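Student: Okay, so the sequence shown: first residue is 46 according to the UniProt record's numbering, each after it adds one. Sharing a structure below in structure tokens format, with a few things to ask.
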Amino acid sequence: GLNEKRVAAKGPLIEGVTDIIAIASGKGGVGKSTTAVNLAVALANTCQRKVGLLDADVYGPSIPTMMKVHGKPEVSEDLRMVPIENHGVKCMSIGFLVEKDAPVVWRGPMVMSALEKLTRGVGWGKLDILVVDMPPGTGDAQLSISQRLQLSGALIVSTPQDIALIDARRGANMFRKVQVPILGVIENMSCFRCPHCGENSHIFGSGGARRTADEMDMEFLGEIPLEMDIRRSSDEGSPIVIESPDSAVSKAYNDVAHKV
Ligand code: ADP
């Protein structure tokens, strides 16, 4: 958990925010945002923490859809943007600042100035945890975020597929290079249970993330199956941990949240 792994000497970067944790993946499309959303909601509702969710995925912000938070944030008297709250989580997205469908080419310095607005330019209030949905990959933008946000820790999402795991390793190495503690690895899309015959299929392979975590001396935090309800509830902006709190999937997310 955070208490053992956090870099003790680092002060909070944003006033009132105790910890900032990144949800990262080496590859796009592995379920990083879905994980960030369900974890943030689980931390807020099951673990009773004060939680913010920052969508820093400059290549494809999906928090507005997944959390059903749309529109432009209001600006308060102290000229800070007011996060848009839903499902008990205060949300801010880079998607609020750019036009939908507009192509955005983000260079390192631009990412940093946008991030400055999205972090210190926001009236977050008191937060126990700010969850950051990172851009996928290990380029310039990711590196600047990891260094400048003074992360308390990072959580890595991967599917069990080899090409995803290779990139997940790269991500882990990037965080290590900048001394961000890795809280652990979550395997997403672990297994698919056929709704018709009930048989399990390991579409992206089996056990790969656990093995990678072991090999790299990282904690394995759990596995999330490939399920239609996860995709559908995300698309509807009503995360599965809210929509079906008693489902096996929600229990899996809650377990991970308790470990953070
Ligand atoms: P990333 O942030 O890594 O790009 P997303 O979280 O946006 O990935 O997920 C990519 C797509 O896969 C989304 O449409 C999402 O709803 C779907 N998805 C993610 N995880 C699961 C899952 N466990 N089961 C079913 N669909 C999933």
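Glycine included, C-beta positions come from ideal geometry on N, C-alpha and C. These numbers were taken from a predicted model, which means no experiment stands behind them.
For Lys135, count the other beta carbons within 10 Å of its own beta carbon; 16 or more makes it buried, fewer makes it exposed. Which is it?
Tutor: buried
Student: Which of the three DSSP states is assigned to Pro118 in this structure?
Tutor: coil
Student: On the three-pair Cβ rule with 8 Å, is the region 85–102 touching the region 279–291?
Tutor: yes
Student: Rounded C-beta distance between Gly73 and Pro205? I'm assuming under 8 Å.
Tutor: Not quite, the Cβ-Cβ distance comes to about 17 Å (not below 8 Å), so this is no contact.
Student: Give me the residue from Ile211, Gly170, Arg193, Ala258 with the minimum Cα distance to Gly97.
Tutor: Gly170
Student: At a cut-off of 7 Å, is Lys113 close to ligand 1 when judged by its beta-carbon and the heavy atoms of the ligand?
Tutor: no
Student: With a threshold of 7 Å on Cβ separation, who are the neighbours of Met157 within its own chain once the five nearest residues in sequence on each side are excluded?
Tutor: Ser189, Arg193
Student: What separation, rounded to the nearest whole angstrom, lies between the Cα atoms of Met219 and Ile227?
Tutor: 10 Å
Student: Would you check whether ligand 1 has a heavy atom nearer than 7 Å to the C-beta of Thr79?
Tutor: yes
Student: Considering only the beta carbon of each residue, do Gly76 and Met234 sit closer than 8 Å?
Tutor: yes
Student: What's the gap between the Cα of Arg255 and the Cα of Lys95?
Tutor: Straight across, the Cα-Cα distance linking Arg255 with Lys95 is about 30 Å.
Student: Are three or more beta carbon pairs between the region 158–165 and the region 97–111 nearer than 8 Å?
Tutor: yes
Student: Report the residue from Gly71, Cys92, Ala67, Ser107 whose alpha carbon sits nearest the alpha carbon of residue 30.
Tutor: There is simply no residue 30 to check, as the chain begins at 46 and stops at 305 in what is shown.
Student: According to DSSP, Lys135 sits in a beta bridge with which residue or residues?
Tutor: Gly97, Glu130
Student: I need the straight-line Cα distance from Gly252 to Met155, nearest angstrom please.
Tutor: 38 Å
Student: Measuring CA to CA, which of Ile66, Asp178, Ala258 is closest to Gly198?
Tutor: Of the candidates Ile66, Asp178, Ala258, the one whose C-alpha sits nearest the C-alpha of Gly198 is Ile66.
Student: What are the start and end residues of each continuous alpha helix (DSSP H) run of 4 or more residues lying completely inside the region 180–227, in chain order?
Tutor: Entirely contained in the region 180–227, the alpha helix (DSSP H) runs reaching 4 residues are, in chain order, 185–193, 207–222.
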